[in-house]
Amino acid sequence: MIWEQRINVKNRERELPLNKQRKTIKSKILTISITVLMISNISIGLLGYTISKNQLNEKGEVILGNAVEAAIQMIELAQKGVDEGVYTLPQAQEMVKEKLLGKMTAEGTRPRTSPLDLGPNGYFVVYSQDGEEIAHPSLEGQNVWNTKDKSKNEILLVQDSIHKAKSGGGFTYYDWTLPNSEAIGRKIVYNQLDPNWGWVVTAGSYRTDFNSGAMNVLKYTSIGVVAFLVLVTVIMYNFSNRIGRALEAITGRAEKLAHLDVSENISEALIHRNDEVGALANSFQKIIHSLRDFVKQIADSSEHLTVSSKELSQSSERSFLSANEVARVIEDIAQGATHQAADTENGARHMNDLGRLVESNDEYLRELNSSTAEIGQLKDEGFAILKELIENTEANNRAIGSIYESIHSTNQSTGKIENASNMIRSIAEQTNLLALNAAIEAARAGEAGRGFAVVADEIRKLAEDSNGFTADITAIVSDLSSRTQQTVATMDEVAKITKIQSASVQETNEKFIGIARAIERSTNIIDFLNTSGKEIMDKKDTVVEVIGTLSAISEENAAATEEASASVEEQTAAMAEIANSSHRLEELALSLQESVVKFKYE
6 MIWEQRINVK NRERELPLNK QRKTIKSKIL TISITVLMIS NISIGLLGYT
56 ISKNQLNEKG EVILGNAVEA AIQMIELAQK GVDEGVYTLP QAQEMVKEKL
106 LGKMTAEGTR PRTSPLDLGP NGYFVVYSQD GEEIAHPSLE GQNVWNTKDK
156 SKNEILLVQD SIHKAKSGGG FTYYDWTLPN SEAIGRKIVY NQLDPNWGWV
206 VTAGSYRTDF NSGAMNVLKY TSIGVVAFLV LVTVIMYNFS NRIGRALEAI
256 TGRAEKLAHL DVSENISEAL IHRNDEVGAL ANSFQKIIHS LRDFVKQIAD
306 SSEHLTVSSK ELSQSSERSF LSANEVARVI EDIAQGATHQ AADTENGARH
356 MNDLGRLVES NDEYLRELNS STAEIGQLKD EGFAILKELI ENTEANNRAI
406 GSIYESIHST NQSTGKIENA SNMIRSIAEQ TNLLALNAAI EAARAGEAGR
456 GFAVVADEIR KLAEDSNGFT ADITAIVSDL SSRTQQTVAT MDEVAKITKI
506 QSASVQETNE KFIGIARAIE RSTNIIDFLN TSGKEIMDKK DTVVEVIGTL
556 SAISEENAAA TEEASASVEE QTAAMAEIAN SSHRLEELAL SLQESVVKFK
606 YE
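Numbering-wise (the numbering used here), the sequence shown opens with residue 6 and increments by one.
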């Protein structure tokens, strides 16, 4: 049954967290406690190690700086001995080397004996400013200017040391191989420039020579952390075990409750505990009492519910059948009203379409009136333009006639000029002959006729020039005559075209008169259409108003019928729902009785 299924689902949901709590509460308490303590103690140990390491590194830097300063003072004292004549410069320099590194052996090395403690692997190194080893345990005399460290960056450590020394002193940090090992260690060197001899004095050692004591701090801290964790683990185990046993007892009662057993109570020992476990046990006991009373009440109420649900189910079935019959009758009425409303609405729609067509025709008539008025205006403008064109054509004809007469007169004048030119040419030819005869006669006269010969020669030249000018005039007159004749021919063509144009203008005038008559007839017809359109619009509005009223009435009837039908359908559906609910209530009542029987509460 449905009620039983819900109870089983809820029981399964309760079982999961209870089982999980019983299995993991101890381990959770221990894990969280140990984790928190371990993190805090490890953090304290690492912090102490880091602080100790940094302080020891700083102390090592101070030692290296003091050592280099002491070496600079040694050089200063040795230089005073040189100045006082106690030593030579080479003797003083060798003395300083022996103080810093020890005496040179036969193998060319120095034993690294120094009164200053630079750590197990610390020693002095002295460079010249060009990178030569002035003092070194094993490389003395070699140039190490380009020496690189063992890191990926390949630092030029000698150049860096010299640069730091020239800049007023400073530290150089680089990676180098540890003694007797292939491992790489971090090395620190302090550098300073000696003002007396120009030496770059350095003192260096590995970081581990100074901060190795920090490892002891880390080691002892780790031992303390482990011991503390063991002690805390034992204490927390006993504490969590005590809480776990109490929770297991409560969990056992919870499992019985999950199996519908509320007959047993929580033990008095758990209820009277003065901690959260006691509060939990007390609350759980209250739940058991409440469930026990609730199950008894449900058992009594379920019997009454079963009887009432059966009676309600029978009554609702009878009401449902009656409501179905009423709904069927109202649905038939609603369908008829709906069809009537649809037909009326369809007629109204067609009348509206007809009205739109009439309105469109009226709009077209208004546009036609506007177009007709515009055509009349254009006709009047056309007549005015045509009248002006006729007047311009007549003026053009008169101007062309005048031009024709002028050109014809010019052509006649050209002929007269040509005749005069021919006469001048004839006179020049005769003058040339007379000059020739005069020259012949002058030649016969000899010396007495020489002056006459000169005059005759000049006359001959004038005659020749006259012939030349006459030839030019003849050519010009000939060209002018030719052009004048062409112009006369062209003007003849223009006269013909002008006559044709005048005839066309006259014909156009007659066409415009015919168009004007047609426009007047169209205007009369349009006036008649305007009158008819207004009457149609008036009739259309009346018909549309009547059909609209009928459509509104039909829609109201259909809507009222649909509302009644919908109300009946809702009522029918409600009755059906009540009937179904009654059946479900009856089933739930039976299921509730079966489920209550499964509870053990006495």
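Here a beta-carbon is modelled for each residue, glycine too, at the ideal position from N, C-alpha and C.
- Following the DSSP letters along the chain, one finds LEU161 in no beta strand (DSSP E), marked with neither H nor E.
- Judged by DSSP secondary structure, GLN96 falls within the alpha helix (DSSP H) whose first and last residues are 94-106.
- A Cβ-Cβ separation of about 18 angstroms leaves PRO95 out of contact with GLY107 under the 8 angstroms criterion.
- By the CB criterion at 8 angstroms, THR479 and SER426 fall inside the cutoff.
- Fewer than three beta-carbon pairs drawn from the stretch 436-445 and the stretch 479-494 are found closer than 8 angstroms, and the two stretches are therefore not classed as touching.
- Setting aside the 5 residues that flank it on each side, ASP122 has no residue in the same chain whose C-beta is closer than 6 angstroms to its C-beta.
- In this structure, the straight-line span from the alpha carbon of SER133 to that of GLY203 is close to 7 angstroms.
- In terms of Cβ geometry, VAL510 and LEU394 form a close pair [threshold 8 angstroms].
- Taking the C-beta atoms as reference points, ILE80 is found nearer than 8 angstroms to VAL101.
- Assignment of ASN374 by DSSP, reduced to helix, strand and coil, places it in the helix class.
- Sorting ASN158, PHE129 and LYS157 by C-alpha distance to the C-alpha of LEU144 places PHE129 at the top.
- About 6 angstroms separates the CB atoms of ALA286 and ILE255; that is less than 8 angstroms, so the two are in contact.
- Secondary structure remark: continuous beta strand (DSSP E) runs of at least 3 residues inside the stretch 193-236, in chain order: 205-211.
- The Cβ atoms of LYS171 and LEU161 do not sit closer than 8 angstroms to each other.
- Non-local C-beta neighbours of SER38 in its own chain, meaning closer than 6 angstroms and more than five positions away in sequence, comprise MET241, ordered along the chain.
- No Cβ-Cβ contact shorter than 8 angstroms links TRP150 with GLY173.
- Taking the Cα positions, LEU234 is about 39 angstroms away from LYS261.
- Scanning ARG212, TYR179 and LYS501 for the CA closest to the CA of LYS157 turns up TYR179.
- Look at the beta carbons and you see the stretch 290-299 touching the stretch 267-274: at least three pairs across the two are nearer than 8 angstroms.
- In this structure, ASP199 keeps its C-beta atom at 8 angstroms or more from the C-beta atom of GLY127.
- ALA468 is a Cβ neighbour of ALA433, given a cutoff of 8 angstroms.
- Within the stretch 408-458, no run of alpha helix (DSSP H) at least 4 residues long lies entirely inside it.
- Take ILE422, set aside five residues on each side of it, and the residues of its chain with a beta-carbon closer than 6 angstroms to its own are VAL482, in chain order.
- For GLU273, there is no enclosing beta strand (DSSP E); the enclosing alpha helix (DSSP H) covers residues 273-276.
- Shortest Cα-Cα distance from ALA188 to any of ASP497, GLU540 and TYR211 involves TYR211.
- For TRP150, there is no enclosing beta strand (DSSP E), as DSSP marks it with neither H nor E.
- Remark: C-beta atoms of VAL194 and THR177 approach each other more closely than 8 angstroms.
- Residue pairing by DSSP puts TYR132 in a beta bridge opposite GLU138 and VAL205.
- Taking C-beta atoms as the reference points, THR503 and ASN402 count as a pair closer than 8 angstroms.
- Look at THR398 here: in three-state DSSP terms it is helix.
- DSSP places ASP266 in no beta strand (DSSP E); its state is neither H nor E.
- Rounded to whole angstroms, the gap between the alpha carbons of THR475 and ASN424 is 11 angstroms.
- For GLY175, DSSP records a beta bridge to ASN196.
- Exclusion of the five residues before and after GLU561 leaves no residue of its chain whose Cβ lies closer than 8 angstroms to its Cβ.
- Note on geometry: alpha-carbon atoms of GLY190 and SER32 lie some 44 angstroms from one another.
- In the structure shown, the three-state DSSP call for GLY190 is strand.
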